[in-house]
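The numbering of the sequence shown is this note's numbering, which starts it at -7 and goes up by one. The C-beta atom is built at its ideal place from N, Cα and C for all residues, glycine as well. Predicted model only: the values in this text are computed from it and were never measured.
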Amino acid sequence: MSRPGPKNLITDVPGIEVGNAENRDVLTGTTVIVADEPATAACAVAGGGPGTRETDLLRADTMVEQVDAVVLSGGSAYGLAAADGVSAKLGAMGRGYGLKDLPGVPKTPIVPAAILYDLANGGDKGWGEQPPYRLLGEEAFENRAKSFPLGNVGCGLGANAGAHAGGLGSASLRTADGMTIGALAGVNCFGSVFMPGTSCFWAWPYEQNGEFGNHRPGEGYNPDPEEWGDAKMNPQPGQNTTIACIATDAALSPAQAHRVAQMALSGFSRAIRPVFAPFDGDALFVLSTGKIPLEEPSPISLTRIGELAASTLARAIARGVYEADQ
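This is how it looks when you write it as structure tokens:
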């Protein structure tokens, strides 16, 4: 039977570490997912107001097939600069892509990124010409580890999930045949993660071991399809987003990783209602460390991975909000 990994974090995937950094005066933060070795990657964008970096590079038909890290950050477009800090750190280590090893020619770290909007959350945003995000990226990279807290940390520090505090969430699943899938999400959605009139998460069917409170809807519960619950009542363009990363040690090609990303998007739908709105910037990355070859690299095997990624992501989203409320 498949069960959560020992930490129930995306870092249960061997070869993956996560670092967080926050500026609590600005009320914002950055999260970086670092692969020990270059990882095959893909991206899927579903929201109508995304903010991303290097996502075109992740198409299955492009030349560069692997990445060194993924950055998820607060700060709207300013937050994309966090990837500059991570790239600088990786470059100083000699990591990155290069057609050839040439003396005096630095390699180029490949660091895709996505951001969420937290500029209107009441923090001190009077940074003038010095937004904090490059430094936050550097700090998050230096803080990378196998264990990390959830809730009001990293890119989830200044987030809001509907009418509730948002946050950083993560979850993992280890299958009986030894494959691990992990998810991490910064939850700043317009929609609600709770079923209307209850403390029950929409993602409750996927919960493992009471990881987000073990709340269940009452018998006969039947919400009005037009009732969204505790969504944000006055959404503004670009101010709502859930950004996420899936990691697995299953060996995936770029095209296979892209299919997993497309399937994993349903994890958003299982945890948030409504989702993928015109004013959401929902984006999802997939990383494959390639440590475990698929015994049967068939469409059925890929379907299995995509489904497990979706359910694990739904759990990570719920955990991000649950931990932020604790």
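When DSSP states are grouped into helix, strand and coil, tyrosine 314 belongs to the helix group.
Taking C-beta atoms as the reference points, glycine 67 and glutamine 318 fail to come closer than 9 angstroms. Listed in chain order, the non-local C-beta contacts of glycine 43 below 7 angstroms within the same chain comprise Ser68, Ala69, Leu72, Ala106, Ile107 and Gly273, local neighbours out to five positions each way being set aside.
About 12 angstroms separates the beta carbon of glutamine 58 from that of threonine 100, a gap too long to meet the 8 angstroms contact definition. By the C-beta criterion, the region 115 to 125 is judged not to be in contact with the region 189 to 198, since fewer than 3 inter-stretch pairs fall below 8 angstroms.
Sequence-distant partners of valine 267 (beyond 5 residues in either direction) whose C-beta falls short of 6 angstroms from its own C-beta, in its chain, are Gly183, Phe260 and Ser261. Taking C-beta separations shorter than 8 angstroms and ignoring five residues to either side along the sequence, the partners of threonine 240 in its chain run Val5, Met171, Thr172, Ile173, Gly174, Val252, Val278, Leu279, Ser280, Thr281, Ile297 and Ala301, following chain order. With respect to the C-alpha of methionine 187, the residue from Ala112, Gly154 and Tyr109 having the closest C-alpha is Gly154.
For glutamine 254, the uninterrupted alpha helix (DSSP H) run begins and ends at 246 to 256, by DSSP. Annotation for serine 68: no beta strand (DSSP E) segment contains it, and DSSP assigns it neither H nor E.
Assigned with DSSP and collapsed to three states, arginine 166 falls in strand. Inclusion of alanine 223 and arginine 265 in the CB contact set at 9 angstroms is warranted, their separation being smaller than that value. Contact between asparagine 232 and phenylalanine 204 is absent: CB atoms are separated by about 21 angstroms, not below the 8 angstroms threshold.
The beta-carbon distance between aspartate 17 and glycine 77, rounded to whole angstroms, is 18 angstroms. This is too long to meet the 8 angstroms contact definition. DSSP places glycine 282 in the uninterrupted beta strand (DSSP E) bounded by 275 to 284.
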